[in-house]
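Engineer: If you're matching positions, the sequence shown starts at 766 in the working numbering and goes up one per residue.
C-beta atoms are modelled at their ideal positions from N, C-alpha and C, and glycine is treated no differently.
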Amino acid sequence: MPTPSAADKSPPKPNDTSPPPKDSEDPVNGFFSFIQKYCAGDEFKRLEGICQENTSLKNDIKELQTAYEQNLKALARSDNKWQSEHNKLKEVDRARDNAVKQLKDERQASQALRDQVRNMEEHVKTVTATSKNWESQAIDLDNKEKANATRLKHAQKEKERLEEELKSIQKQLKSKTTELGQVQDQFKVIRSFVVELGNLTEKETEIRTLLANFFDLALKHMETF
766 MPTPSAADKS PPKPNDTSPP PKDSEDPVNG FFSFIQKYCA GDEFKRLEGI
816 CQENTSLKND IKELQTAYEQ NLKALARSDN KWQSEHNKLK EVDRARDNAV
866 KQLKDERQAS QALRDQVRNM EEHVKTVTAT SKNWESQAID LDNKEKANAT
916 RLKHAQKEKE RLEEELKSIQ KQLKSKTTEL GQVQDQFKVI RSFVVELGNL
966 TEKETEIRTL LANFFDLALK HMETF
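1) Would you be able to state if there are at least three C-beta pairs under 8 Å between the stretch 921-931 and the stretch 885-903?
2) Report the three-state DSSP secondary structure of K992 (helix, strand or coil).
3) Taking only three categories from DSSP, how would you classify D791?
4) Give the straight-line distance between the Cα atoms of D950 and L975, rounded to the nearest whole angstrom.
5) Looking at Q881 and K941, is the spacing between their C-beta atoms short of 9 Å?
6) Which same chain residues end up closer than 7 Å to T893 when comparing Cβ atoms and leaving out the 5 residues on each side of it in sequence?
7) Roughly how many angstroms lie between the CA atoms of R883 and L945, to the nearest whole one?
8) Identify whether P786 lies in helix, strand or coil by the three-state DSSP scheme.
9) For E828, count neighbouring C-beta atoms within 10 Å of its own C-beta (all shown protein chains included) and say buried if the count is 16 or more, exposed if not.
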């Protein structure tokens, strides 16, 4: 219970400071009698109340200091946690930027591979047309100049060479088409990782392996040309 302030208390009664009677006891007894009277007065009670209030304030200050120190520790823990989360977000941002860059590179590589396949298709058409042309010439030569065996043999050899070249190109085209499908599948997987950035940390190893395999595959494609 708080001690009433000095403003709420009634004015202290004056202590009896009249000189002791002439027939009083010795000075020691007089001193103790004075102390007893002072302790019974309002001034002593006020002093006692102030001491109690001072003790209460000291306890309150001690509790506030303890709470302050606990709050400082909690604030430090919160700051460390925030810093950790901030660092994680920075890592996620870097991973996302890297994934976007990788995706851009993969798109460029995929486009280059598609261009190569398109060029090979045009080359196949040209070779096919050339082969048909030579075959037609061979038939005409066989019908018109059966006696010219040398020219016919040359045309036949040229035809066989072109057919072998056609088979080789068709085989390469089939291989490149299959590899293009694999690259497109890899591209879809990488793109799904870019969308699902929340799971990027858990799939980091899988993404690294996937990108390494893709780069090895792309390098092999480039070496064939």
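Structural biologist: Taking the coordinates as given:
1) Contact annotation: the stretch 885-903 touches the stretch 921-931, with at least three C-beta pairs closer than 8 Å.
2) Nothing can be reported for residue 992: it is not among the residues displayed for the chain, which extend from 766 to 990.
3) Coil, per DSSP.
4) Taking the straight line joining both Cα atoms gives about 11 Å.
5) Yes, these two residues count as a Cβ contact at 9 Å.
6) Closer than 7 Å at Cβ, skipping near neighbours: L931.
7) Approximately 12 Å between the Cα atoms of the pair.
8) Unreliable positioning characterises P786 in this predicted model, as indicated by a pLDDT of 49, which lies under 50. The coordinate reading is nonetheless provided below. Correct three-state label for P786: coil.
9) Exposed is the call here.
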